[in-house]
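So for the sequence shown, numbering that gives the first Met the number 0 puts the first residue at 0; every next one is plus one.
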Amino acid sequence: MDWYTRYGEWSDENRDRLDIAITGVVLLIGVPLAVATGRGSEWFFGFDTIGAWSGVFAFLMLAPFALRHRYPVPVVALVFTVAFLHMLLGPPLPPAAVVAVPIALYNTAAHGPVWGHRVALVASFLGASFFAFLMADGRDRFATIVFLFFTLSLLFFAVWSLGLMRRARIAHIRALSDRNRALESEQDRQKELGAVAERTRIAREMHDIVAHSLSVMIAQADGGRYAAATNPDLAATALTTIAETGRAALADMRRLLGVLREGDSPPGAGTSLGELTPQPAEESLESLVNQIRASGVRVSLIRMGQPRTLPPGAGLTVYRVCQEALTNILKHAGPDPTVTVHITWAATSLTLTIEDDGRGVAAANDGQGMGLLGMRERAALFGGDVTTGPRPGGGFRVSLTLPLPDNAQ
0 MDWYTRYGEW
10 SDENRDRLDI
20 AITGVVLLIG
30 VPLAVATGRG
40 SEWFFGFDTI
50 GAWSGVFAFL
60 MLAPFALRHR
70 YPVPVVALVF
80 TVAFLHMLLG
90 PPLPPAAVVA
100 VPIALYNTAA
110 HGPVWGHRVA
120 LVASFLGASF
130 FAFLMADGRD
140 RFATIVFLFF
150 TLSLLFFAVW
160 SLGLMRRARI
170 AHIRALSDRN
180 RALESEQDRQ
190 KELGAVAERT
200 RIAREMHDIV
210 AHSLSVMIAQ
220 ADGGRYAAAT
230 NPDLAATALT
240 TIAETGRAAL
250 ADMRRLLGVL
260 REGDSPPGAG
270 TSLGELTPQP
280 AEESLESLVN
290 QIRASGVRVS
300 LIRMGQPRTL
310 PPGAGLTVYR
320 VCQEALTNIL
330 KHAGPDPTVT
340 VHITWAATSL
350 TLTIEDDGRG
360 VAAANDGQGM
370 GLLGMRERAA
380 LFGGDVTTGP
390 RPGGGFRVSL
400 TLPLPDNAQ
């Protein structure tokens, strides 16, 4: 930022006080100077007042500048009127007018309305012609009038143009300030939206981890309780599955919550192995199916087509949708369901279908409904779609379709 811009910002903040201070200094200089150099209103009053009236006119022309920013049009009107009266009644060249008239014209062009500075420019030309008429005498009177008129008109036009340049710069700075405020507001709004989206993502991940893991653990605990009396080995297997599922869920929770504490770790702090564990993807479906199968559910995994690398996050979406569908089967399908997980790799899409022959839509609803909503939200992030509904012949079906990029390998 250059000194001119910094001065402009400072003057805008202290505009009224600065105008009053500058006007006071100018009055202390201009009024005594007008008294010393003027001859008063000699012909109008019939006697020489030794410059007293020149001081009065100087004061009337300079004092209004204390309000030049607040009332630019009244200030220029008052200054021009006093200058005209001074030329008409007193000396032909009022000293204060040399400073006051150009500054008033500049101030109106820079800060006044459009009609105001145009009228002021025309009035300055009229004043220049009147001044030239008063000053011209002798044999070359016409040439003197023309010379003075064009000289003063050129001066007034230059001052008016400088005022317009200042006006354009002020408008440009204000536009930049408004734009910066709008950008800051937009950034704040984007941060808020990002925070909401991140909370939603974390809530969805928490739901997937907790709901699936608890459903598996509950199923294993029920099975182990019934098998404890007749088959201790099966009960021990169920307890082992519960422990493994709990450890896996705990690791997932630590990894997920570690994202929230990412900025709290000191530089150079070590990272645990659990925090470096990659997020599950479509390659982890087999281990997920095996985990469900270990809980006693008859589940099979069928793959068709040539697997390809999915875009970042898409593999996690496939895994979470399958996990949520299997969790719902554990919760709602009833006893001894048969489940089929079918994943098909086509040329431009991936289709994942999870079917069961359980109770389907006849199962009681838990009243939450976040699982199916989370599936659809995850799929929508990658342009995919999730359809759910009853399966012909009984049971329930969840189908995920994700588009694949043309350059997928």
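Even glycine gets a Cβ: it sits at the ideal position worked out from N, Cα and C.
At what residues does the beta strand (DSSP E) containing residue 389 begin and finish? 384-389
Run through the DSSP bridge pairs and tell me what residue 355 is partnered with. 338, 395
Have a look at residue 45 and residue 87 and give me their C-alpha separation to the nearest angstrom. Here residue 45 scores only 46 on pLDDT, less than 50, and its place in the model should not be relied on; the value that follows carries that caveat. Going from the Cα of residue 45 to the Cα of residue 87 covers about 14 Å.
Among the candidates 158, 344, 389, 110, whose CA atom is the shortest distance from the CA of residue 101? 158
The beta strand (DSSP E) with residue 298 in it runs from where to where? 297-303
I need the DSSP call for residue 402, collapsed to helix, strand or coil. strand
Along the alpha helix (DSSP H) that carries residue 22, what are the first and last residues, could you check? 14-36
Please go through the same chain and pick out, in chain order, the residues whose beta-carbon is closer than 6 Å to the beta-carbon of residue 42, but skip the five residues on each side of it. Because residue 42 carries a pLDDT of 47, less than 50, the predicted location of this residue cannot be relied on, and the following value inherits that uncertainty. Hits under 6 Å: none found.
The alpha helix (DSSP H) spanning residue 51 covers which residue range? 51-61
Residue closest to residue 217, alpha-carbon to alpha-carbon, out of 32, 293, 80: 293
Where the alpha helix (DSSP H) containing residue 105 begins and where it ends: 94-110
What is the DSSP secondary structure of residue 46, reduced to helix, strand or coil? Only weak support is given to the placement of residue 46: the predicted model assigns it a pLDDT of 48, under 50, and the question is left unresolved by the model.
For a test of the three-state rule: what should DSSP assign to residue 239, helix, strand or coil? helix
Return the Cβ separation of residue 30 and residue 58 in integer angstroms, given the expectation that the two are a contact with Cβ distance under 8 Å. 5 Å
Quick check on residue 402 - is its C-beta less than 8 Å from some C-beta in chain C? This model lacks chain C altogether; it includes just one protein chain.
Selection from 385, 357, 282 that minimises the alpha carbon distance to residue 320: 385
From the DSSP secondary-structure annotation, give me the bridge partner or partners of residue 348. 402
Look at the alpha carbon of residue 118 and the alpha carbon of residue 124, and state the distance between them as a whole number of angstroms. 10 Å
Is residue 336 buried or exposed, if buried means 16 or more other CB atoms sit within 10 Å of its CB? buried
In its own chain, which residues sit with a C-beta less than 7 Å from the C-beta of residue 243, not counting the 5 before and 5 after it? none
Quick one: is residue 377 buried, meaning 16 or more other Cβ sit within 10 Å of its Cβ, or exposed? buried
Given residue 147 as reference, the closest of 383, 132, 161, 156 once Cα atoms are compared: 132
Close Cβ partners of residue 287 (< 8 Å) along its chain, the five nearest in sequence each way excluded: 279, 318, 321, 322, 325
Count the other C-beta atoms from every protein chain shown that fall within 10 angstroms of the C-beta of residue 9, then say buried if there are 16 or more, exposed otherwise. exposed
Presumed contact (8 Å Cβ cut-off) between residue 71 and residue 111, rounded CB distance: 4 Å
Inter-residue Cα distance where the pair is residue 224 and residue 334: 15 Å
For residue 187 and residue 103, the rounded distance between their alpha carbons: 43 Å
If you drop the 5 nearest sequence neighbours on each side, which residues of the same chain put their C-beta closer than 7 Å to that of residue 345? 304
Classify residue 298 as buried or exposed, calling it buried when 16 or more other Cβ atoms lie within 10 Å of its own Cβ. buried
Helix, strand or coil for residue 343 per DSSP? strand
Distance check for residue 215 and residue 329, CA to CA, integer angstroms please. 7 Å
Residue 241: which of 129, 190, 221 sits nearest, CA to CA? 221
Could you tell me the boundaries of the alpha helix (DSSP H) in which residue 331 lies? 313-331
Beta-carbon proximity of residue 130 to residue 151, cut-off 8 Å: yes
Tell me whether residue 199 sits in a helix, a strand or coil according to DSSP, three-state version. helix
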